[in-house]
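Visitor: So that we are looking at the same thing, I have put the structure below in structure tokens.
Protein chains: 2
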Amino acid sequence: MNITGEMLIGQSAVRGAEGTLRAVNPATNEKIGPDFGAGGVTEVDRACTLAQQAFDSYRATTAQQRAEFLEEIAGGILALGPALIERAAQESGLPTARLEGERGRTVGQLRLFASVLRAGNYLGATLDSALPERTPPRSDLRLRKIAIGPVAVFGASNFPLAFSVAGGDTASALAAGCPVVVKTHNAHPGTSELVGRAIQQAVAACKLPEGVFSLVIGAGNEVGQALVSHPAIKAVGFTGSRQGGLALVRAAAQRREPIPVYAEMSSINPMFLLPHALAARAAKIGTAFVDSLTMGVGQFCTNPGLVIGLAGEHLVQFQEAALQALKTKAAGTMLTPGIHDAYVAGVERMGALAGVDTLGQGQAPAAPCAAQATLFSTDAATFLATEQLEDEIFGPSSLLVACRDEDEMRAVAEHLAGQLTATLQLDEEDHALARKLLPTLERKAGRILVNGFPTGVEVSYAMVHGGPFPATSDSRSTSVGATAIDRFLRPVCYQDLPGALLPIELQDGNPSGLSRLVDGEFVAA
Amino acid sequence: MNITGEMLIGQSAVRGAEGTLRAVNPATNEKIGPDFGAGGVTEVDRACTLAQQAFDSYRATTAQQRAEFLEEIAGGILALGPALIERAAQESGLPTARLEGERGRTVGQLRLFASVLRAGNYLGATLDSALPERTPPRSDLRLRKIAIGPVAVFGASNFPLAFSVAGGDTASALAAGCPVVVKTHNAHPGTSELVGRAIQQAVAACKLPEGVFSLVIGAGNEVGQALVSHPAIKAVGFTGSRQGGLALVRAAAQRREPIPVYAEMSSINPMFLLPHALAARAAKIGTAFVDSLTMGVGQFCTNPGLVIGLAGEHLVQFQEAALQALKTKAAGTMLTPGIHDAYVAGVERMGALAGVDTLGQGQAPAAPCAAQATLFSTDAATFLATEQLEDEIFGPSSLLVACRDEDEMRAVAEHLAGQLTATLQLDEEDHALARKLLPTLERKAGRILVNGFPTGVEVSYAMVHGGPFPATSDSRSTSVGATAIDRFLRPVCYQDLPGALLPIELQDGNPSGLSRLVDGEFVAA
Numbered sequence: 001m002n003i004t005g006e007m008l009i010g011q012s013a014v015r016g017a018e019g020t021l022r023a024v025n026p027a028t029n030e031k032i033g034p035d036f037g038a039g040g041v042t043e044v045d046r047a048c049t050l051a052q053q054a055f056d057s058y059r060a061t062t063a064q065q066r067a068e069f070l071e072e073i074a075g076g077i078l079a080l081g082p083a084l085i086e087r088a089a090q091e092s093g094l095p096t097a098r099l100e101g102e103r104g105r106t107v108g109q110l111r112l113f114a115s116v117l118r119a120g121n122y123l124g125a126t127l128d129s130a131l132p133e134r135t136p137p138r139s140d141l142r143l144r145k146i147a148i149g150p151v152a153v154f155g156a157s158n159f160p161l162a163f164s165v166a167g168g169d170t171a172s173a174l175a176a177g178c179p180v181v182v183k184t185h186n187a188h189p190g191t192s193e194l195v196g197r198a199i200q201q202a203v204a205a206c207k208l209p210e211g212v213f214s215l216v217i218g219a220g221n222e223v224g225q226a227l228v229s230h231p232a233i234k235a236v237g238f239t240g241s242r243q244g245g246l247a248l249v250r251a252a253a254q255r256r257e258p259i260p261v262y263a264e265m266s267s268i269n270p271m272f273l274l275p276h277a278l279a280a281r282a283a284k285i286g287t288a289f290v291d292s293l294t295m296g297v298g299q300f301c302t303n304p305g306l307v308i309g310l311a312g313e314h315l316v317q318f319q320e321a322a323l324q325a326l327k328t329k330a331a332g333t334m335l336t337p338g339i340h341d342a343y344v345a346g347v348e349r350m351g352a353l354a355g356v357d358t359l360g361q362g363q364a365p366a367a368p369c370a371a372q373a374t375l376f377s378t379d380a381a382t383f384l385a386t387e388q389l390e391d392e393i394f395g396p397s398s399l400l401v402a403c404r405d406e407d408e409m410r411a412v413a414e415h416l417a418g419q420l421t422a423t424l425q426l427d428e429e430d431h432a433l434a435r436k437l438l439p440t441l442e443r444k445a446g447r448i449l450v451n452g453f454p455t456g457v458e459v460s461y462a463m464v465h466g467g468p469f470p471a472t473s474d475s476r477s478t479s480v481g482a483t484a485i486d487r488f489l490r491p492v493c494y495q496d497l498p499g500a501l502l503p504i505e506l507q508d509g510n511p512s513g514l515s516r517l518v519d520g521e522f523v524a525a
Numbered sequence: 001m002n003i004t005g006e007m008l009i010g011q012s013a014v015r016g017a018e019g020t021l022r023a024v025n026p027a028t029n030e031k032i033g034p035d036f037g038a039g040g041v042t043e044v045d046r047a048c049t050l051a052q053q054a055f056d057s058y059r060a061t062t063a064q065q066r067a068e069f070l071e072e073i074a075g076g077i078l079a080l081g082p083a084l085i086e087r088a089a090q091e092s093g094l095p096t097a098r099l100e101g102e103r104g105r106t107v108g109q110l111r112l113f114a115s116v117l118r119a120g121n122y123l124g125a126t127l128d129s130a131l132p133e134r135t136p137p138r139s140d141l142r143l144r145k146i147a148i149g150p151v152a153v154f155g156a157s158n159f160p161l162a163f164s165v166a167g168g169d170t171a172s173a174l175a176a177g178c179p180v181v182v183k184t185h186n187a188h189p190g191t192s193e194l195v196g197r198a199i200q201q202a203v204a205a206c207k208l209p210e211g212v213f214s215l216v217i218g219a220g221n222e223v224g225q226a227l228v229s230h231p232a233i234k235a236v237g238f239t240g241s242r243q244g245g246l247a248l249v250r251a252a253a254q255r256r257e258p259i260p261v262y263a264e265m266s267s268i269n270p271m272f273l274l275p276h277a278l279a280a281r282a283a284k285i286g287t288a289f290v291d292s293l294t295m296g297v298g299q300f301c302t303n304p305g306l307v308i309g310l311a312g313e314h315l316v317q318f319q320e321a322a323l324q325a326l327k328t329k330a331a332g333t334m335l336t337p338g339i340h341d342a343y344v345a346g347v348e349r350m351g352a353l354a355g356v357d358t359l360g361q362g363q364a365p366a367a368p369c370a371a372q373a374t375l376f377s378t379d380a381a382t383f384l385a386t387e388q389l390e391d392e393i394f395g396p397s398s399l400l401v402a403c404r405d406e407d408e409m410r411a412v413a414e415h416l417a418g419q420l421t422a423t424l425q426l427d428e429e430d431h432a433l434a435r436k437l438l439p440t441l442e443r444k445a446g447r448i449l450v451n452g453f454p455t456g457v458e459v460s461y462a463m464v465h466g467g468p469f470p471a472t473s474d475s476r477s478t479s480v481g482a483t484a485i486d487r488f489l490r491p492v493c494y495q496d497l498p499g500a501l502l503p504i505e506l507q508d509g510n511p512s513g514l515s516r517l518v519d520g521e522f523v524a525a
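So, in structure tokens, the structure goes:
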């Protein structure tokens with residue numbers, strides 16, 4: 001498939017005339033062809049209007065039809081073959097093996113939502129029988145969830161496949177029955193076009209209305225703002241910086257009709273080293289921690305950017321093992337020159353803060369966008385008094401906080417802002433302390449891990465990739481896993497509808513074979 | 001129980017010193033004692049701080065304990081006996097029988113949430129088994145929902161019991177495990193204090209931390225703004241005007257940490273008269289419609305404020321029957337002088353709009369706050385061209401819109417803003433037209449009714465009392481019915497936690513006897 005530099009508006013390919021942009025290979029800082037034509041409010045309006053026009057007929061498709069559509073997209077992405085991986089590697093600096101894994105994740109996500117659709121639990125089908133003899137009589141009431149409306153999705157820089165054009169936001173919105181308008185991330189426009197064309201072809205192959213999917217390109221912020229402000233758009237999915245996420249939240253709140261924004265923004269993912277675990281295996285944890293910290297050049301939302309332990313010999317052992325491991329880590333190429341520059345500035349800023357020591361660094365960078373992993377340390381008193389120490393530095397940087405005692409460790413936990421994850425390294429003798437920390441960590445994080453590292457985010461039913469602000473703009477949701485579909489649904493109650501007018505999922509006799517809540521009792525399919 | 005005019009801050013009763021206020025009997029415009037002492041930011045801060053302190057231990061109570069607490073509140077409200085009903089009648093102008101019914105609804109709501117807690121489905125318990133042999137290995141992942149944090153509740157004017165201090169917002173938040181700080185509605189401070197004291201006593205009787213419940217009073221908007229802005233507050237429940245709801249939405253968005261606001265605001269609840277039903281029983285529908293319109297002096301969020309039919313003899317029959325019925329309707333006392341004045345102004349404003357006829361009115365008012373029911377009419381072209389015709393007039397006023405044909409009827413449906421309800425009067429021969437309208441109405445409303453009237457809102461599992469903006473600020477939720485609890489929950493995922501540290505609902509062997517989703521399959525309790 002050729003990359004043409006066009007936007008995909010429904011079934012058309014349109015060359016934008018509001019400026020041009022080119023991808024950059026961060027490994028070489030060289031531009032990669034072709035030129036992409038950026039669009040403006042006209043193209044956004046056209047894409048959103050098509051999405052609106054497609055909405056009722058798309059959401060009226062059966063769950064089975066939408067499942068097949070998602071599987072068609074998955075097949076289309078796989079059919080792009082090595083060309084997709086090569087282009088994504090050029091545009092992101094990410095290694096081929098990682099991108100192949102990410103493609104598997106992307107395809108797996110689409111297939112998971114196909115399963116979710118076939119199971120049907122997402123509908124929340126609920127039936128209350130009429131009670132005509134009661135005073136006053138009770139009507140027949142039936143509830144199901146329906147799609148919220150066309151959704152705007154913003155591709156993320158750090159997962160050019162799994163959190164981008166056909167990523168989790170798009171997959172869950174399409175599963176819910178929502179048309180999607182994606183704004184490409186300008187770091188990987190070629191990858192975006194390839195995947196976008198695969199979706200466009202799946203729309204045609206499944207004979208869906210063309211407005212189910214569009215892909216727009218913007219040179220600055222104008223296209224994104226226009227997208228979030230368009231009256232047809234009813235929800236927004238975003239993964240990126242806090243600044244970018246908050247700009248979208250503000251734009252959505254200023255609409256005549258405010259809409260939900262699911263922005264996954266910033267998290268430093270604290271890891272607590274409980275004393276018995278630390279005494280038992282400080283060096284082992286320190287080494288494994290650095291592997292997690294430097295994986296993917298630290299460019300994961302769940303990167304462990306904060307480590308909290310009790311001051312003492314075991315923490316020193318942890319630190320020494322971590323520094324030893326750090327020295328072996330080559331400087332990896334970051335996703336974009338901008339991300340690299342922000343990392344360098346963040347590391348400089350943190351190193352200059354009073355009370356913060358730079359413990360050590362990985363190998364020196366030898367390429368334009370390569371990042372040197374960095375480990376800082378401070379004490380809990382400084383951490384508690386210095387707000388900037390909680391700022392996320394996107395990349396392979398982490399801060400080790402030494403606490404005087406368990407109370408101070410708990411004070412650090414209580415002090416933290418919202419997080420995607422919180423990790424406990426513990427042994428059985430640490431359970432008492434863990435029990436004291438857990439209520440705080442539940443309030444702070446969407447996922448709590450024991451004796452692992454947060455950088456793997458499983459795509460499954462029980463995953464929560466979310467958390468209180470500023471980790472996300474909406475702690476009631478997850479952007480990874482089966483329940484991500486809930487973000488794009490709203491409940492509707494049908495009162496006394498004749499059977500012939502009821503949605504099939506709510507009809508008598510359960511023709512769809514769903515699990516339903518009937519008069520308060522759960523009736524499995 | 002004496003009414004003292006104090007605020008209830010945890011287990012204390014505190015007399016506010018930031019001005020005083022008195023209830024007014026709308027039937028006589030006379031003030032009712034005692035004076036209430038209004039509070040300010042100090043009392044709000046004290047109440048919110050107590051709520052925060054109570055949060056972890058309150059949410060750690062078992063579902064059974066919280067169910068008993070809700071039942072204790074229900075018992076306490078019943079134990080207030082006729083004194084509660086008398087006070088509520090004085091403060092609201094509502095008849096005794098209606099208030100007794102509303103008390104039953106309030107108590108029933110608390111008991112419904114006790115059942116919801118005991119069933120446990122609200123937890124969303126989900127387990128994904130570890131797959132240690134997979135490449136890469138999958139961790140053990142378990143999800144449950146937990147309470148979001150302390151909740152601010154604003155009492156509504158029109159249901160001094162069921163949507164106020166111990167109303168649906170409070171009941172669902174307490175059920176979820178959230179401490180609640182209520183701001184009284186100043187139209188019924190005495191009723192609020194009585195119910196508040198019943199909750200306060202239930203907190204003590206159940207040996208819960210005192211911060212689980214507080215009741216604050218404000219003379220102006222300052223207390224409400226301080227409440228929504230307090231860092232301890234994590235969600236807001238509100239039922240009232242669009243202006244009031246939007247002010248809270250804005251205040252919540254301006255916080256350092258934005259929080260969800262569930263504001264149920266304004267809806268005109270369109271009713272569509274489909275042609276065959278109208279031909280068959282125009283007069284019967286017209287008469288029943290006026291009963292619904294004037295019930296409770298039209299002071300329901302679901303009052304039918306818009307009727308859409310095809311112009312012609314049958315619509316004339318409907319209109320004549322409605323006018324006939326209207327003439328028999330006495331002017332009822334509205335809730336407050338302010339609400340009465342707004343109704344009179346709204347009726348005047350609508351009557352003065354070009355293209356709008358005042359078809360008829362109910363009996364003339366004979367008391368200070370009595371409202372004369374009013375029926376207006378216009379044609380669809382005028383309706384489509386006049387934005388103000390969609391403004392809610394809170395009270396017994398409705399607008400009849402005559403359409404040229406079915407296409408114009410569909411255009412009116414498509415033109416509507418978000419609604420709590422949409423009603424279809426239909427016969428079997430109308431199904432084809434209903435099928436054309438339903439996709440639009442699903443997009444517009446939270447509840448769709450056939451051959452009924454929207455003014456009864458059942459408290460049950462399948463109820464949705466919600467809908468797209470401006471009906472509410474969050475179409476993903478309901479403020480009535482079992483799923484109202486979802487508003488105050490957020491998901492947390494536990495990865496590889498040792499059994500001893502797992503919440504009981506997620507432990508192996510299902511000791512809580514819950515229905516759980518295990519590896520994607522629903523396993524009933």
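Here the protein sequences line up with chains A and B, keeping their order.
Using UniProt numbering, read the first sequence as starting at 1 and increasing by one per residue.
Using UniProt numbering, read the second sequence as starting at 1 and increasing by one per residue.
Glycine included, every Cβ here is placed at the ideal spot set by N, Cα and C.
All values reported here derive from a predicted model rather than from experimental measurement.
1) Using CA coordinates, which residue listed in A88/A, R447/A and Q52/A is at the minimum distance from E193/A?
2) Measuring only between beta-carbons, confirm whether Q225/B sits less than 8 Å from chain A.
3) On a Cα-Cα basis, can you pick out the residue from R443/A, H431/A, T423/A and L248/A that is closest to residue 526/A?
4) Only counting the same chain, and skipping five residues up and downstream in sequence, which positions put a Cβ closer than 6 Å to that of G446/B?
5) Using a 10 Å radius around the Cβ and a threshold of 16 neighbouring Cβ atoms, would you call T96/A buried or exposed?
6) Can you check DSSP and say which residues form a bridge with Q495/A?
7) Whose CA, out of Q317/B, S397/B, G362/B and A380/B, lies closest to the CA of G351/B?
8) Using DSSP with H/G/I as helix, E/B as strand and the rest coil, what is K284/A?
9) At the level of alpha carbons, what is the spacing between M265/B and D357/B?
10) Give me the residue from P82/A, T135/A, D35/A and G168/A with the minimum Cα distance to F113/A.
11) In chain order, what residues of the same chain have a beta carbon less than 6 Å from the beta carbon of F76/A, not counting five sequence neighbours either side?
12) Which two residues bound the contiguous alpha helix (DSSP H) that contains Q11/B?
13) Suppose contacts are defined by Cβ-Cβ distances below 8 Å. Is L141/B in contact with S460/A by that definition?
14) Suppose you measure from the CA of A364/B to the CA of A27/B; what does that come to, to the nearest Å?
15) Would F383/A count as contacting chain B if we go by Cβ distances under 8 Å?
16) Spatial neighbours of N451/A within its chain, please: C-beta separation below 8 Å, excluding the five flanking residues on both sides.
17) Measure the C-alpha to C-alpha separation of Q361/B and R349/B and round it to an integer number of angstroms.
18) Quick check on P511/B: buried or exposed, where buried means 16 or more other Cβ atoms within 10 Å of its Cβ?
19) If contact is defined by three or more beta carbon pairs under 8 Å, each pair taking one atom from either stretch, is the region 104-124 of chain B in contact with the region 52-70 of chain B?
20) Between R435/A and chain B, is there a C-beta pair that is closer than 8 Å?
21) May I ask you to list, following chain order, the residues of the region 124-152 of chain B that have a beta carbon less than 8 Å from some beta carbon of chain A?
22) Measuring CA to CA, which of A23/B, N186/B and Q52/B is closest to G10/B?
23) Listed from N- to C-terminal order along the chain, which residues in the region 451-467 of chain B have their beta-carbon within a distance smaller than 9 Å of any beta-carbon of chain A?
24) Apart from the five residues on each side of it in sequence, which residues of its chain come closer than 8 Å, Cβ to Cβ, to T49/B?
25) Identify, in the order they occur along the chain, each residue of the same chain with its Cβ nearer than 6 Å to the Cβ of P189/A, setting aside the five sequence neighbours on each side.
26) Which one of S515/B, T483/B and I268/B has the shortest CA to CA distance from G305/B?
Guide: Looking at the atomic coordinates:
1) A88/A
2) no
3) Look at the range of chain A in this structure, 1 to 525, and you will see that residue 526/A is not part of it.
4) L420, V464, G466 and G467
5) exposed
6) L141/A and L449/B
7) S397/B
8) helix
9) 27 Å
10) G168/A
11) Note that residue 76/A corresponds to Gly in the displayed sequence, not to Phe. A198, Q201 and A202, listed in sequence order.
12) Segment: none, Q11/B is in no alpha helix (DSSP H) and carries neither H nor E.
13) yes
14) 15 Å
15) Chain B, which has no Cβ nearer than 8 Å to the Cβ of F383/A, makes this no.
16) Sequence-distant partners of N451/A (beyond 5 residues in either direction) whose C-beta falls short of 8 Å from its own C-beta, in its chain, are A277, L424, Q425 and L426.
17) Just so you know, the alpha carbons of Q361/B and R349/B end up roughly 15 Å apart.
18) exposed
19) yes
20) yes
21) G124, T126, L127, D128, P136, R138, S139, L141, R142, L143, I146, I148 and G149
22) Q52/B
23) N451, G452, P454, G456, E458, S460, Y461, A462, M463, V464, H465, G466 and G467
24) G211 and A232
25) A23 and F36
26) Closest by C-alpha distance to G305/B, out of S515/B, T483/B and I268/B, is I268/B.
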